[in-house]
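Everything on this sheet refers to the single structure shown next.
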Amino acid sequence: MCAHSPEFSPVSDSPQTCTHISPYYFTLIRHGETEANSRNAFIGITDSPLNATGRAQAQATAQYLVTQKWKFELILSSPLQRCTETARIMAANFDMPFQILSYLTERNYGIFENKTEEEVSRAYPHLLADYLVNKPFVLIPEGESAIDLEDRIQNLVWSHIPSQYPKIRHILFITHLNPVRAFLRLLGVESWDIYFKKFSNASVTRLRTDLQTAEVLISDYSCYNDPACNVASNQEDMAQLK
1207 MCAHSPEFSP VSDSPQTCTH ISPYYFTLIR HGETEANSRN AFIGITDSPL
1257 NATGRAQAQA TAQYLVTQKW KFELILSSPL QRCTETARIM AANFDMPFQI
1307 LSYLTERNYG IFENKTEEEV SRAYPHLLAD YLVNKPFVLI PEGESAIDLE
1357 DRIQNLVWSH IPSQYPKIRH ILFITHLNPV RAFLRLLGVE SWDIYFKKFS
1407 NASVTRLRTD LQTAEVLISD YSCYNDPACN VASNQEDMAQ LK
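Our numbering runs 1206 ahead of the 1-based position in the sequence shown.
Dropping the structure here:
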């Protein structure tokens, strides 16, 4: 199969001609914590800023990335404020700009938006029960399913990036929980079950991929939550990122 996700490639009996490409390194950062995250609310397209914890998480992650000495040629961010704030910290630390792409926006939770699970349970008990069992596939009224979200990520990975950045291979993405899940499933390293896994705020997930197969190099690593990650408590380094 040639540079397409298996789930979306057309079925054909004709042989395909594959052109070898050098691997991509995708580093996926979930944004830092927001007030809505702190109360476990559904926050999709609701545009919320980082809270103090979220800013500290982003700063710790930025400094961790520096210590890894990874190469980044491009920083791409969701347009939502919690991501652009996180991206600004990353970009300042690497002395490079970032670009905003709507492909990276979070799943729209529709009528669940900005409500806690308890609030949704009172208002829409049957819909929530269905969602908790069939999370990727439920189309929330006025919102999206994970399938809708994956259409966006598919277009980003297999169309937009190769056409707009044909020579770039090292990309830092600042995005949300569900886009991180979508990357992993579309690149073939996870099943739909990934939509039931939590990823920490400001966590790092890193992939190497030729867009046919992929390898997970790091998954859901949070420097902020790791006592062994010394940069999280290095106040001098953190101050430089503010």
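We treat Cβ as the ideally placed atom computed from N, Cα and C, and that holds for glycine. Model, not experiment: these values are computed from the prediction.
Practice problem: Would you grab the beta carbon distance between N1384 and G1238 for me? Rounded to a whole angstrom, and I think it's under 8 angstroms. | Solution: Stepping through the sequence shown from its first residue, residue 1384 is reached at position 178. Stepping through the sequence shown from its first residue, residue 1238 is reached at position 32. Contact doesn't hold; Cβ gap of about 16 angstroms is too wide.
Quiz item: Taking C-beta to C-beta, are T1322 and F1278 nearer than 9 angstroms?
Solution: Within the sequence shown, residue 1322 is the residue found at index 116, counting from 1. Within the sequence shown, residue 1278 is the residue found at index 72, counting from 1. No.
Practice problem: Please go through the same chain and pick out, in chain order, the residues whose beta-carbon is closer than 6 angstroms to the beta-carbon of G1349, but skip the five residues on each side of it. | Solution: Looking up residue 1349 in the sequence shown gives position 143. Its chain contains N1314, Y1315 and G1316 as the residues whose beta carbon lies nearer than 6 angstroms to that of G1349, once the 5 sequence neighbours on both sides are disregarded; these appear in chain order.
Quiz item: Run through DSSP, which three-state label would L1282 get?
Solution: Against the sequence shown, residue 1282 aligns to sequence position 76. Of the three classes helix, strand and coil, the one that applies to L1282 here is strand, per DSSP.
Quiz item: From the DSSP output, which residues share a beta bridge with V1410?
Solution: For this step, residue 1410 is matched to residue 204 along the sequence shown. Partner(s): I1235 and Y1427.
Self-check item: Close beta carbons around I1377, own chain, < 8 angstroms, minus the five adjacent residues each side
Solution: Looking up residue 1377 in the sequence shown gives position 171. Cβ neighbours of I1377 beyond the five flanking positions: Y1230, Y1231, F1232, T1233, F1278, E1279, L1280, I1281, L1282, I1367 and Y1371.
Quiz item: Does DSSP put L1334 in a helix, in a strand, or in coil?
Solution: Counting from one through the sequence shown, the residue named residue 1334 turns up at place 128. The answer is helix: DSSP assigns L1334 an H, G or I state.
Quiz prompt | Range covered by the beta strand (DSSP E) that runs through T1259 | solution = Looking up residue 1259 in the sequence shown gives position 53. Element bounds for T1259: not the beta strand (DSSP E) but the alpha helix (DSSP H), A1258 to Q1274.
Practice problem: Look at the Cβ atom of I1380, then the Cβ atom of L1310, and state whether they are nearer than 9 angstroms. | Solution: Along the sequence shown, one-based indexing puts residue 1380 at 174. Along the sequence shown, one-based indexing puts residue 1310 at 104. Using a Cβ distance threshold of 9 angstroms, I1380 and L1310 count as a contacting pair.
Quiz prompt | Outcome for P1216 when other beta-carbon atoms lying within 10 angstroms are tallied against a minimum of 16 | solution = Within the sequence shown, residue 1216 is the residue found at index 10, counting from 1. In this predicted model, P1216 has a pLDDT of only 33, less than 50, meaning its place in the structure is not dependable enough to derive any value.
Practice problem: Mind reading off the beta-carbon distance from E1241 to S1254? Whole number of angstroms is fine, and I expect it under 8 angstroms. | Solution: As a working mapping, residue 1241 is identified with position 35 in the sequence shown. As a working mapping, residue 1254 is identified with position 48 in the sequence shown. Yes, they are in contact, since the Cβ atoms of E1241 and S1254 sit about 6 angstroms apart, within 8 angstroms.
Exercise. Using the Cα positions of L1256 and Q1287, report the straight-line distance between them to the nearest angstrom.
Key: The residue you call residue 1256 lines up with position 50 of the sequence shown. The residue you call residue 1287 lines up with position 81 of the sequence shown. Their backbone Cα atoms lie some 8 angstroms apart in a straight line.
Self-check item: Rounded distance between the beta-carbons of Q1418 and L1392, thought under 8 angstroms
Solution: Residue 1392 sits at position 186 when you count from the first residue of the sequence shown. Residue 1418 sits at position 212 when you count from the first residue of the sequence shown. Not quite, the Cβ-Cβ distance comes to about 12 angstroms (not below 8 angstroms), so this is no contact.
Quiz item: Among all the DSSP beta bridges, which residues are the ones paired with Q1305?
Solution: Residue 1305 sits at position 99 when you count from the first residue of the sequence shown. Answer is L1282, bridged to Q1305.
Quiz item: What does a CB cutoff of less than 7 angstroms around E1442 pick up in its chain, not counting 5 residues either side in sequence?
Solution: By 1-based counting over the sequence shown, the position of residue 1442 is 236. Because the pLDDT of E1442 is 41, which lies under 50, any placement of that residue in the model is unreliable, and the number read from its coordinates should be weighed accordingly. No residues qualify anywhere along the chain.
Quiz item: Hey, quick one: how far does the beta strand (DSSP E) through T1381 stretch, first residue to last?
Solution: Along the sequence shown, read from residue 1 onward, the residue named residue 1381 stands at position 175. Its beta strand (DSSP E) spans residues H1376 to T1381.
Self-check item: For A1242, three-class secondary structure by DSSP
Solution: As a working mapping, residue 1242 is identified with position 36 in the sequence shown. A1242 falls in the helix class under three-state DSSP.
Practice problem: Find the nearest neighbour of V1362 within the set W1398, Y1330, I1306 and E1396, judged by alpha-carbon distance. | Solution: Numbered from its first residue, the sequence shown carries residue 1362 at position 156. Residue 1362 is actually Leu in this sequence, not Val. It is I1306.
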